[in-house]
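Position 92 (the sequence shown) corresponds to 92 in UniProt numbering; numbering is contiguous.
Glycine included, each C-beta is placed from N, C-alpha and C at the ideal position.
This report concerns only the one structure given below.
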Amino acid sequence: MTALLSSLAVQAADPIGRVKRVSGSVWVDRAGQSLAVLPGMALQVGDRLRTGADGMAGVTLADDSLLTAGHNSQLLINDFQFNTTTHEGGMLATLSRGSLHVVTGLIAKKTPEKVNFRTPSVVLGVRGTEFVVDVPEGRE
1 MTALLSSLAV QAADPIGRVK RVSGSVWVDR AGQSLAVLPG MALQVGDRLR TGADGMAGVT
61 LADDSLLTAG HNSQLLINDF QFNTTTHEGG MLATLSRGSL HVVTGLIAKK TPEKVNFRTP
121 SVVLGVRGTE FVVDVPEGRE
(Lines of atoms letter the chains of each structure in order from A and count residues from 1; the text may use other names and numbers.)
(Lines give C-alpha, C1' and ligand atoms only; values in the text may rest on other atoms or scores of the structure.)
Protein backbone atom coordinates (compact mmCIF):
# COMPACT_ATOMS: atom_id res chain seq x y z
CA MET A 1 0.00 0.00 0.00
CA THR A 2 2.81 2.43 0.88
CA ALA A 3 4.58 1.69 -2.41
CA LEU A 4 1.37 2.44 -4.32
CA LEU A 5 0.91 5.76 -2.54
CA SER A 6 4.55 6.67 -3.18
CA SER A 7 4.12 5.82 -6.85
CA LEU A 8 1.01 8.00 -7.10
CA ALA A 9 2.81 10.89 -5.39
CA VAL A 10 5.63 10.68 -7.93
CA GLN A 11 3.15 10.59 -10.82
CA ALA A 12 1.36 13.66 -9.46
CA ALA A 13 4.63 15.60 -9.56
CA ASP A 14 5.59 14.44 -13.07
CA PRO A 15 5.90 17.30 -15.56
CA ILE A 16 2.96 17.59 -17.96
CA GLY A 17 4.61 20.21 -20.12
CA ARG A 18 7.06 23.09 -20.25
CA VAL A 19 6.91 26.83 -20.54
CA LYS A 20 8.49 27.70 -23.88
CA ARG A 21 8.09 31.48 -24.04
CA VAL A 22 7.74 34.16 -21.38
CA SER A 23 7.22 37.88 -21.81
CA GLY A 24 6.77 40.30 -18.92
CA SER A 25 5.45 39.23 -15.52
CA VAL A 26 4.48 35.54 -15.28
CA TRP A 27 4.15 33.33 -12.20
CA VAL A 28 3.13 29.80 -11.31
CA ASP A 29 1.32 29.16 -8.05
CA ARG A 30 2.33 25.70 -6.81
CA ALA A 31 1.93 24.11 -3.38
CA GLY A 32 1.32 27.44 -1.66
CA GLN A 33 4.25 29.21 -3.34
CA SER A 34 4.32 31.78 -6.13
CA LEU A 35 7.25 31.10 -8.47
CA ALA A 36 8.58 33.42 -11.18
CA VAL A 37 8.36 31.62 -14.52
CA LEU A 38 11.34 31.20 -16.82
CA PRO A 39 11.49 29.47 -20.22
CA GLY A 40 12.00 25.73 -19.75
CA MET A 41 10.14 25.56 -16.44
CA ALA A 42 8.23 22.28 -16.01
CA LEU A 43 4.51 22.43 -15.25
CA GLN A 44 2.52 19.99 -13.13
CA VAL A 45 -1.13 19.16 -12.58
CA GLY A 46 -2.50 21.67 -10.10
CA ASP A 47 -0.28 24.53 -11.24
CA ARG A 48 -1.94 27.92 -11.68
CA LEU A 49 -0.26 30.02 -14.38
CA ARG A 50 -0.74 33.79 -13.90
CA THR A 51 0.26 36.62 -16.19
CA GLY A 52 0.49 40.30 -15.28
CA ALA A 53 -0.67 43.30 -17.29
CA ASP A 54 2.59 43.07 -19.28
CA GLY A 55 2.80 39.28 -19.26
CA MET A 56 2.29 36.47 -21.75
CA ALA A 57 3.35 32.82 -21.63
CA GLY A 58 3.56 30.02 -24.18
CA VAL A 59 3.32 26.41 -22.97
CA THR A 60 3.82 23.10 -24.78
CA LEU A 61 2.14 20.12 -23.09
CA ALA A 62 3.29 16.49 -23.30
CA ASP A 63 0.76 15.73 -26.06
CA ASP A 64 2.08 18.68 -28.12
CA SER A 65 -0.86 20.96 -27.28
CA LEU A 66 0.17 24.61 -27.42
CA LEU A 67 -1.34 27.05 -24.90
CA THR A 68 -0.67 30.78 -24.98
CA ALA A 69 -1.94 32.81 -22.02
CA GLY A 70 -2.45 36.51 -22.75
CA HIS A 71 -2.15 39.54 -20.49
CA ASN A 72 -3.84 39.43 -17.06
CA SER A 73 -4.70 35.75 -17.39
CA GLN A 74 -5.09 33.00 -14.84
CA LEU A 75 -5.07 29.36 -15.96
CA LEU A 76 -5.35 26.34 -13.66
CA ILE A 77 -4.33 22.91 -14.98
CA ASN A 78 -6.93 20.80 -13.15
CA ASP A 79 -6.07 17.48 -14.76
CA PHE A 80 -3.80 16.12 -17.48
CA GLN A 81 -3.18 12.49 -18.38
CA PHE A 82 -1.43 11.28 -21.51
CA ASN A 83 -0.28 7.87 -22.70
CA THR A 84 2.66 8.38 -25.06
CA THR A 85 2.07 5.01 -26.72
CA THR A 86 -1.69 5.11 -27.41
CA HIS A 87 -2.04 8.93 -27.41
CA GLU A 88 -5.08 8.55 -25.19
CA GLY A 89 -5.65 10.70 -22.15
CA GLY A 90 -7.61 13.64 -20.90
CA MET A 91 -7.25 17.26 -19.98
CA LEU A 92 -9.21 19.77 -17.94
CA ALA A 93 -8.09 23.37 -17.47
CA THR A 94 -9.85 26.39 -15.99
CA LEU A 95 -9.37 29.90 -17.36
CA SER A 96 -10.71 32.17 -14.61
CA ARG A 97 -9.65 35.44 -16.27
CA GLY A 98 -7.86 36.74 -19.34
CA SER A 99 -7.37 34.98 -22.66
CA LEU A 100 -6.01 31.68 -23.86
CA HIS A 101 -5.09 30.64 -27.40
CA VAL A 102 -5.09 26.85 -27.84
CA VAL A 103 -3.76 24.62 -30.60
CA THR A 104 -4.80 21.11 -29.64
CA GLY A 105 -2.43 18.16 -29.56
CA LEU A 106 -2.58 14.38 -29.72
CA ILE A 107 -5.22 13.86 -27.00
CA ALA A 108 -7.77 15.94 -28.93
CA LYS A 109 -7.00 14.03 -32.11
CA LYS A 110 -7.53 10.63 -30.42
CA THR A 111 -10.23 11.42 -27.82
CA PRO A 112 -11.53 14.98 -28.32
CA GLU A 113 -14.37 14.45 -25.85
CA LYS A 114 -11.78 14.23 -23.06
CA VAL A 115 -10.33 17.71 -23.61
CA ASN A 116 -12.25 20.42 -21.75
CA PHE A 117 -11.72 24.02 -20.72
CA ARG A 118 -13.78 25.78 -18.06
CA THR A 119 -14.47 29.48 -17.62
CA PRO A 120 -16.64 31.16 -14.97
CA SER A 121 -19.65 30.86 -17.30
CA VAL A 122 -19.14 27.81 -19.55
CA VAL A 123 -17.38 24.47 -20.05
CA LEU A 124 -15.91 24.19 -23.52
CA GLY A 125 -15.57 20.74 -25.05
CA VAL A 126 -12.97 20.63 -27.80
CA ARG A 127 -13.94 19.38 -31.24
CA GLY A 128 -11.55 21.43 -33.36
CA THR A 129 -7.86 22.05 -33.53
CA GLU A 130 -7.42 25.74 -32.72
CA PHE A 131 -9.45 28.24 -30.72
CA VAL A 132 -9.31 31.22 -28.37
CA VAL A 133 -11.05 31.47 -24.99
CA ASP A 134 -11.58 34.91 -23.47
CA VAL A 135 -12.93 35.82 -20.02
CA PRO A 136 -13.77 39.55 -20.10
CA GLU A 137 -12.75 41.69 -17.15
CA GLY A 138 -15.41 41.65 -14.44
CA ARG A 139 -16.59 38.12 -15.32
CA GLU A 140 -14.09 36.28 -13.09
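Inset, instruction - Given a cut-off of 7 Å, decide if S121 and G98 are closer than it, judged by their beta-carbon atoms. - result: no
Inset, instruction - Identify every residue that forms a DSSP beta bridge with A42. - result: R18
Inset, instruction - Below 8 Å on the Cβ atoms is my guess for T51 versus G70; work out the distance and round it to an integer in Å. - result: 7 Å
Legend entry - Endpoints, beta strand (DSSP E) assigned at A69: 66-69
Legend entry - Contacting residues, own chain, Cβ-Cβ under 6 Å from D47 (five flanking each side not counted): V28, R30, I77
Legend entry - Supposed contact pair L66 and residue 147 - C-beta distance, whole angstroms, cut 8 Å: This structure cannot speak to residue 147, because the chain is shown only from 1 to 140.
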